[in-house]
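Every position in the sequence shown, counted from 1, becomes a number in our numbering once 3 is added. Just so it is clear, CB atoms sit at the ideal spot from N, CA and C, and this is done for glycine as well. Here the structure comes first, spelled out in C-alpha cells, and everything after it is commentary.
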Amino acid sequence: PPRSTRKESSAASDVYKRQGNDDNGRLMTEAEFEVYKNKVRKARENRLYVAWRNTRGVDCKMIGPSSTCFCSHRYRDHHFDNVDSRNVGCKDKKCSCRLFSYVPIYGSADLKCLCKHSFKLHDPRTRKCKHVTLCTF
Numbered sequence: 004p005p006r007s008t009r010k011e012s013s014a015a016s017d018v019y020k021r022q023g024n025d026d027n028g029r030l031m032t033e034a035e036f037e038v039y040k041n042k043v044r045k046a047r048e049n050r051l052y053v054a055w056r057n058t059r060g061v062d063c064k065m066i067g068p069s070s071t072c073f074c075s076h077r078y079r080d081h082h083f084d085n086v087d088s089r090n091v092g093c094k095d096k097k098c099s100c101r102l103f104s105y106v107p108i109y110g111s112a113d114l115k116c117l118c119k120h121s122f123k124l125h126d127p128r129t130r131k132c133k134h135v136t137l138c139t140f
C-alpha cells in the first residue's frame, strides 16, 4: 500500500478540525457534507457563549475551544451547539462527563484539591479522588 503524504495528512487534520468526530470516522459523501455544513451553519448563527464566573458572580474568563473540562476533554469536544437546551455534554460516548465544567489551568499547572492531587486523578462525574477516599473536588 502507498504511504500517505504530508499533504494527505494535513488534509485529514483539516477535516478533523472542521467536523471533529461528527462523521463517526467515515468519509462523508459530497451530499452528506453539504447537509452537514448547512446544519452546522444554522446552529452557529446563534452561538452559545460561556464564561467562567467566580464565587462572587463576576465573569473571570471566556471559555474558548481549547479550554479544558474536568473530564480532560476540550470545550470543542463537547456539544457546544446545543443553544436551546444549553446542555454542553461531552461528545465522547465513553466519557462519563455530563456537562462541561471548566478547570483553570495556568501553563502546565492545574488546579489541585485539598488532597493535593490534580483534577485528572478525580472522577469527572462524582469528583471523588481516585487515591484518597475522603476527598472530593
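On the CB-based measure, 16 or more other CB atoms within 10 Å of its CB, does residue i come out buried or exposed?
i, result
"C74", "buried"
"P127", "buried"
"S70", "buried"
"C63", "exposed"
"H125", "buried"
"V61", "exposed"
"V38", "exposed"
Beta-carbon within less than 7 Å of residue i's beta-carbon, same chain only, minus the 5 sequence neighbours each way: which residues are those?
i, result
"F103", "C72, Y78, H81 and V91"
"M31", "Y39"
May I have the straight-line CA-CA distance separating residue i from residue j, to the nearest angstrom?
i, j, result
"V43", "N85", "11 Å"
"K115", "I66", "20 Å"
"H76", "C93", "8 Å"
"H120", "T136", "12 Å"
"W55", "P68", "14 Å"
"S111", "R130", "21 Å"
"R59", "R29", "46 Å"
"R41", "S99", "Going by the sequence as given, residue 41 is Asn instead of Arg. So the two alpha carbons sit approximately 30 Å from each other."
Go through its chain and collect everything with a Cβ distance to residue i's Cβ below 8 Å, but skip five positions before and after it.
i, result
"L117", "C138"
"V106", "T71, C72, F73, D113, L114 and F122"
"N57", "C63"
"L51", "F83, D84, N85, V86, R89 and V91"
Quick one: what's got a C-beta closer than 6 Å to residue i's C-beta in the same chain, skipping five residues either side?
i, result
"K133", "L124"
- What beta strand (DSSP E) runs, 3 residues minimum, are completely inside the stretch 92–116? none
- Message: Extract the residue ranges of the alpha helix (DSSP H) inside the stretch 50–85, only unbroken runs of 4 or more that lie entirely within it.
- Response: none
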